[in-house]
Amino acid sequence: MRRYSGRVPHAQVALTLAGFRAGKTVLAPAIGGSIGNAVTQLARALGAKHAMSSTTNHAKAEQAKALGFNEVIDTYLEKLGDGVRRITGGYGADMSSTGSVVKS
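Using the working numbering, you'd call the opening residue of the sequence shown number 12 and step up by one each time.
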């Protein structure tokens with residue numbers, strides 16, 4: 012895992028406020044940002060069923076996939092909701108300011 016100095020505690024707070032526990036699905040937008048990246052990595056490490064992220068930048072999506080993030084929604088190519096449904100097998104996401112919880 013890359014080092015994020017203060018970002019990992021922020022990621023932990025975001026996951027806690029969203030009610031995360033192992034087996035849940037997480038959507039942390041902005042894979043190119045340090046906190047979105049940290050939330051995604053931390054959720055994966057803590058046993059998320061899916062740890063999704065998104066980007067509006069096609070190059071960042073490709074870079075994230077090259078780094079092992081196989082659940083990146085490239086909003087240059089598809090809508091966020093469509094990407095969530097594709098990855099989760101048809102479930103949508105409830106969006107909140109504290110985190111995104113996918114109904115499953």
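The beta carbon of each residue, even a glycine, is placed where N, CA and C say it ideally should be.
- Comparing alpha-carbon positions, the option among Y87, T51 and S65 lying closest to A59 turns out to be T51.
- Beyond the five residues adjoining it in sequence on each side, K76 comes within less than 7 Å, by CB distance, of V83 in the same chain, given in chain order.
- Within a 10 Å sphere around the beta-carbon of L28 sit fewer than 16 other beta-carbons, which makes this residue exposed.
- With contacts defined as CB atoms closer than 9 Å, A54 and H21 fail to qualify as a contacting pair.
- Counting along the chain, the unbroken beta strand (DSSP E) around L38 starts and ends at T36 to P40.
- Between H69 and L91, the gap from beta carbon to beta carbon reaches 9 Å or more.
- A Cβ-Cβ separation of about 6 Å places V95 in contact with L38 under the 8 Å criterion.
- In terms of CA proximity to Y102, M63 leads the group D85, M63 and K71.
- Cβ neighbours of G34 within its own chain (closer than 8 Å, five residues either side excluded): G58, A59 and K60.
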